[in-house]
Structure formats: structure tokens, C-alpha cells
Amino acid sequence: MKTLYIVRHAKSSWEYDSVKDIDRPLKERGINDAHLLSKYLAKKINKPDVFLSSSANRALHTAVIFCENFGYPLSNLKIKRQLYNFSDGYLVKTVKALDDSFDSAIVFSHDHGINSFVNKFGNKPIAHVTTCGVVGIQFDTKHWKDIKKGSTILVEFPKNHR
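For the sequence shown, the working numbering assigns the number 1236 to the initial residue and increments by one for each residue that follows.
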């Protein structure tokens, strides 16, 4: 059995015109939501075996907050530039390439890729994964490379915890 948690980065700021998209920071609301949801999840689920994040500032900052609240060492956080992509192709490749010694993983990425992924691989239709939304999918397989349709076991959005 393999369990994957996918997190859409928390709410980011569009306040700075000169900042490149990859460098956009989190808004205060995003920081607060990331703390809110990660503290809640740290009590609800087992700590994932591996944390992976897009290299985009907003995803990475979200991941750092989750690491802090789960007690996961920042030095073990894996940063994947290919997760800074807006299709599910790189997300699928990243998940299927996970080491089989990990039974669970949490991945921090972006809007369109996440929405496509959770609807392709989960069994519960989700219209839109909001910022800092978390979806958990369990796969009945021993090998990440063999994941197919799984069971959606968790859907959490910050608005349900405010």
C-alpha cells in the first residue's frame, strides 16, 4: 500500500510586479492557512516518509511550514524543479519515480497539475483544489511506478478549519 498526500501551495501574493512567478511569496493568509492545516493534519495522519516540493518560493514556503509542524527535518526536504509545472505530467513522473522504501509521501505543487492528478488517480471527483488544499490518495500497490486509480482518503481545505 502506498499513500500520497498532494498539497497545493498556500495563497501567494501578486503584490510585487517585478517579482518573477517562481519567486512569488506567500501572503499572510497563506502562511496562516499553511500553519492551520499542517497542525491539524499532523494530529490526524501519520507523518509521511518523504516531503517533496516544487522549487517555486510559494510551494517551498508551504512545504517548510508543513515540515516544521510535522517535525520533519528540513535537511530531508527534497526540492524538485520539475514540480514547478502546470500540468500533471511532471507530477505523475515524480510520484512514479519515488523510492519504494517510502510507503507515504507528501508533495507540494501547483494548481492545474494537482487538479488533473487527483481526478485522474483518485476515486472522488474534486472540482478545484484550493490554495493550501490537501488531497490524500491511497494506492493498492507495492511500487510507486505501478500506481493506477486509487482511493481518495482525505480532502481538506483551509476554509473548513477557520
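Ideal placement from N, C-alpha and C gives every residue a C-beta, glycine not left out.
- Between which two residues does the alpha helix (DSSP H) harbouring residue 1297 extend? 1292-1305
- Does the Cβ-Cβ distance between residue 1331 and residue 1379 come in under 9 angstroms? yes
- Task: Would you decide whether residue 1325 is buried or exposed? Buried here means 16 or more other CB atoms lie within 10 Å of its CB.
- Result: buried
- Which residue comes first and which comes last in the beta strand (DSSP E) that contains residue 1399? No information on residue 1399 is available, as it lies outside the stretch 1236 to 1397 that the chain covers here.
- Hey, out of 1298, 1286 and 1366, whose CA is closest to residue 1247's CA? 1366
- Query: Hey, would you say the C-beta of residue 1336 is under 8 angstroms away from at least one heavy atom of the ligand SAM?
  - Reply: The ligand SAM is absent from the structure shown, which contains no ligands of any kind.
- Answer with buried or exposed for residue 1293, where buried requires no fewer than 16 other C-beta atoms within 10 angstroms of its C-beta. buried
- Item | C-beta atoms of residue 1245 and residue 1283 nearer than 9 angstroms | no
- Got a sec? Which residues, its chain only, sit under 6 angstroms from residue 1262 by beta carbon, not counting five neighbours each side? 1246 and 1248
- Taking the DSSP output, what are the residues bridged to residue 1248? Partner(s): none; residue 1248 has no beta bridge.
- Uninterrupted beta strand (DSSP E) stretches inside the region 1329-1368 (no shorter than 3 residues): 1339-1344
- Sub-9 angstroms separation of residue 1333 and residue 1290 beta-carbons: no
- How is the beta strand (DSSP E) around residue 1390 delimited, first residue to last? 1386-1391
- Message: Starting from residue 1289, trace the beta strand (DSSP E) in both directions and tell me its first and last residue.
- Response: 1285-1289
- Message: Quick check on DSSP: helix, strand or coil for residue 1240?
- Response: strand
- Query: How about residue 1242 and residue 1298: do their beta carbons lie closer than 9 angstroms?
  - Reply: yes
- Task: Determine the burial state of residue 1276: buried for a count of at least 16 other Cβ atoms within 10 Å of its Cβ, exposed for fewer.
- Result: buried
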